[in-house]
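Residue numbers (my numbering), protein chains in the order written: chain F, 51 to 417; chain X, -6 to 132. Cβ coordinates follow ideal geometry from the N, Cα and C atoms, glycine included. Predicted, not measured: the structure shown is a model, and the values here were computed from it. A short write-up of the structure that comes next.
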Ligand code: HEM
Ligand code: FES
């Protein structure tokens, strides 16, 4: 240990490491009534890092070629030592990431932390959310199984309902009239290079914005701490007398991360086939559509919405409107009150929205 | 004091758990990335005697590496590793000169692997070779 301390002293002397730790960690004070929901952002950082690492490992053996992709994935799953573990971590992790993103969004929604002055936190977060869906969609095609091939066909097809440019957009997206080898090339590039780079940049921006506005005070619990911001000059919301991030809140972050890992590894080890159907084990065949092709669970609500409207254009417009509404929520909902229990209409809308989403998802699953 | 030793005990437990977890991650990743055993195995390589006419050489994969069989003008059959003993390039057979040339730094070897000139410190490694019923077997 004395050696470690001497190394630390040596570094500290040069870059003032202790000062940084004091400012950013032990001296970074959080509101006294902070709750567990604020740790979901850290959980997401861990999940994203794990996706990056397992993705890099998969790249060692995966071959992005329509004739070889399926074989290379089977090889990873069946022949390479622990290949199944790495692939399952990546596949299960992507689904968990979407689920935790939903929770993170819902918690910031519920506690009203999207409100002014945190519009940018919400906007950057919402963009990340859209990109995580895009990275999941593009990754889904890569195993080149019947499931990936036809789910991608169905998912890309819905954009053709957009008037005038829709059909060409779909062709451009696929690199041809139908999903085929050119689609694999562009989805691969998007999945491993383009989208991850943009997500990393946006996570950086998300955290930067968070740092500049300061973390919000939860709207319940100890009252009177939150000061309303008049909106005239820039103000960093600090929490004098609050609890330090290190060690106190770091421990909460760690417990949330541990709970997450327990759930995540439970799926990986005890329900590894949760995400796969029989069509995941058959190589893609462009001349044979399997019955009952469905998108992944988090797209089921969108999929069902498209199905219930008589015209695809109507279905897509409604979804675009709902998405835009949600993205711009901080600009639409401008009241100062953040406590959901003092905003019955807002609370009712959120609950109705969640129920609607669940309803559509279940309907989509069984339809 | 009571608190001190408790803190130390917990710290050791946490560090121990962290080391076990790190090992649990590192081992599968190492196994996943480790080259496959068996690809460096020593299966015999067999081909027809007519593949190697007098004064010519045949290159092939052997035991996960490159090897060569030459038949000298005198009719002698020799099997060698084709990996140059200098920095590991693959030697070429020079039919006119009847010797091996390493293109990397101009090392030269006789058909039986002895160094003629250039930087290679050692002769090319010899491999066991046998001829029976018109077939050449290396290994
Ligand atoms: C990879 C995805 C994401 C990561 C890694 C991430 C990370 C974080 C972190 C570390 C925090 C600070 C701690 C916390 O409150 O949890 C935070 C706060 C926040 N995030 Fe995210 N986030 C992501 C996606 C999103 C999404 C999709 C939204 C909503 C559309 C969003 C909205 C917010 C808001 C409004 C805050 C401010 C919370 C406050 O100050 O109380 N984030 N995020
Ligand atoms: S590697 Fe062959 S001569 Fe240098």
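Query raised in the report: With 16 other CB atoms within 10 Å as the buried threshold, where does residue 163(F) fall?
Result: Buried is the call here.
Query raised in the report: So is residue 19(X) in contact with chain F if we call contact Cβ pairs under 9 Å?
Result: Chain F contact via Cβ: absent.
Report task. Indicate, with yes or no, if the ligand FES has a heavy atom lying under 8 Å from the CB of residue 61(X). Result -> Not so, every heavy atom of the ligand FES lies at least 8 Å from the Cβ.
Query raised in the report: In terms of alpha-carbon separation, which member of 112(F), 142(F), 69(F), 231(F) lies closest to residue 335(F)?
Result: If we check each option's Cα against that of residue 335(F), 231(F) comes out closest.
Query raised in the report: Going by the C-beta, is residue 80(X) closer than 8 Å to any heavy atom of the ligand FMN?
Result: Ligands present in the displayed structure are limited to the ligand HEM and the ligand FES, and the ligand FMN is not among them.
**Report entry** Backbone CA spacing between residue 27(X) and residue 279(F) [nearest angstrom]
**Finding:** Rounded to whole angstroms, residue 27(X) to residue 279(F) spans 58 Å at the Cα level.
Query raised in the report: Roughly how many angstroms lie between the CA atoms of residue 249(F) and residue 118(X), to the nearest whole one?
Result: Straight-line Cα distance between these residues: approximately 53 Å.
Query raised in the report: Hey, residue 159(F) and residue 179(F): beta-carbon distance below 9 Å or not?
Result: If you check the CB distance, residue 159(F) and residue 179(F) do not come in under 9 Å.
**Report entry** Residues near residue 187(F) by beta carbon distance below 7 Å, same chain, minus five either side
**Finding:** Closer than 7 Å at Cβ, skipping near neighbours: 205.
Query raised in the report: Going by DSSP, which residues form a beta bridge with residue 100(X)?
Result: Note: residue 100(X) sits in a beta bridge opposite 95(X).
Query raised in the report: When the Cα atoms are used, what is the spatial distance from residue 149(F) to residue 333(F)?
Result: Approximately 28 Å between the Cα atoms of the pair.
Query raised in the report: Is the beta carbon of residue 111(X) within less than 8 Å of some heavy atom of the ligand FES?
Result: Indeed, a heavy atom of the ligand FES lies less than 8 Å from the Cβ.
Requested in this report: Use the C-beta contact count for residue 220(F): other C-beta atoms within 10 angstroms, 16 or more gives buried, fewer gives exposed.
Outcome: Buried, by the Cβ-count rule.
**Report entry** Cβ-based contacts, 8 Å cut-off: residues of the stretch 291 to 323 of chain F near chain X
**Finding:** When C-beta distances to chain X are compared with 8 Å, every residue of the stretch 291 to 323 of chain F stays at or above that value.
Query raised in the report: Is the distance from the Cβ of residue 126(F) to the Cβ of residue 108(F) below 9 Å?
Result: The answer is yes: Cβ separation under 9 Å.
Requested in this report: Kindly indicate if chain X contains any beta-carbon less than 9 Å away from that of residue 132(F).
Outcome: It does; some Cβ of chain X falls within 9 Å.
Query - Simplified DSSP assignment, three categories, for residue 90(X) - result: The answer is coil: DSSP assigns residue 90(X) none of H, G, I, E or B.
Query raised in the report: Given residue 189(F), which residues of its chain have a CB within under 6 Å of its CB, disregarding the five upstream and five downstream residues?
Result: Result list for residue 189(F): 241, in chain order.
**Report entry** Distance cut-off 8 Å: residue 91(F) Cβ against heavy atoms of the ligand FES
**Finding:** Taking non-hydrogen atoms of the ligand FES into account, the C-beta of residue 91(F) is found less than 8 Å away from none of them.
Query raised in the report: In three-state DSSP terms, what is residue 119(X)?
Result: Strand, per DSSP.
Report task. Counting only runs of 4+ residues fully inside the stretch 14 to 57 of chain X, write out the alpha helix (DSSP H) ranges in chain order. Result -> Taking 4 residues as the shortest admissible run, the stretch 14 to 57 of chain X contains no complete alpha helix (DSSP H) segment at all.
**Report entry** Residue from 153(F), 99(F), 260(F), 166(F) whose Cα sits closest to the Cα of residue 282(F)
**Finding:** Comparing Cα-Cα distances from residue 282(F) to each of 153(F), 99(F), 260(F), 166(F), the minimum goes to 166(F).
**Report entry** Beta carbon of residue 95(F) nearer than 9 Å to that of residue 253(F)
**Finding:** Yes, Cβ-Cβ distance for residue 95(F) and residue 253(F) is below 9 Å.
Query raised in the report: Does the stretch 318 to 330 of chain F come close enough to the stretch 135 to 149 of chain F that 3 or more CB-CB pairs lie under 8 Å?
Result: Yes, since at least three Cβ pairs between the stretch 135 to 149 of chain F and the stretch 318 to 330 of chain F fall closer than 8 Å, the two stretches touch.
Query raised in the report: Any heavy atom of the ligand FES closer than 8 Å to the CB of residue 154(F)?
Result: The answer is no for residue 154(F).
Query raised in the report: Residues in the stretch 100 to 117 of chain F with C-beta within 7 Å of chain X's C-beta atoms, listed in sequence order?
Result: Answer set for the stretch 100 to 117 of chain F: 107, 110.
Query raised in the report: Short check: CB of residue 233(F) to CB of residue 191(F), under 9 Å?
Result: For residue 233(F) and residue 191(F), yes; Cβs fall inside 9 Å.
Requested in this report: Name the residue from 382(F), 143(F), 116(F) whose alpha carbon lies nearest to the alpha carbon of residue 194(F).
Outcome: Looking only at 382(F), 143(F), 116(F), the smallest Cα-Cα distance to residue 194(F) is reached by 116(F).
Query - Start-to-end residues for the beta strand (DSSP E) that takes in residue 130(X) - result: Counting along the chain, the beta strand (DSSP E) containing residue 130(X) begins and ends at 128 to 131.
Query - Secondary structure of residue 386(F), DSSP reduced to three states - result: If DSSP states are grouped into helix, strand and coil, residue 386(F) belongs with coil.
Query raised in the report: When DSSP builds the beta bridges, which residues end up paired with residue 64(X)?
Result: Looking at the DSSP assignment, residue 64(X) forms a beta bridge with 70(X).
Query raised in the report: Cα separation between residue 347(F) and residue 365(F)?
Result: Answer to the nearest angstrom: the Cα atoms are 18 Å apart.
Query - Within the stretch 154 to 194 of chain F, ranges of the alpha helix (DSSP H) (whole runs, at least 4 residues) - result: Segments of the alpha helix (DSSP H) lying fully in the stretch 154 to 194 of chain F: 169 to 191.
Query raised in the report: Going along chain F, which residues have a C-beta under 8 Å from residue 24(X)?
Result: Under the 8 Å cutoff, chain F gives 131, 132.
Query raised in the report: If you measure from the beta carbon of residue 27(X) to each beta carbon in chain F, is any gap under 9 Å?
Result: Closer than 9 Å to some Cβ of chain F, the Cβ of residue 27(X) qualifies, so yes.
Query - N-terminal and C-terminal residue of the beta strand (DSSP E) that residue 110(X) is part of - result: It spans 108 to 110 - the beta strand (DSSP E) in which residue 110(X) sits, taken as one unbroken run.
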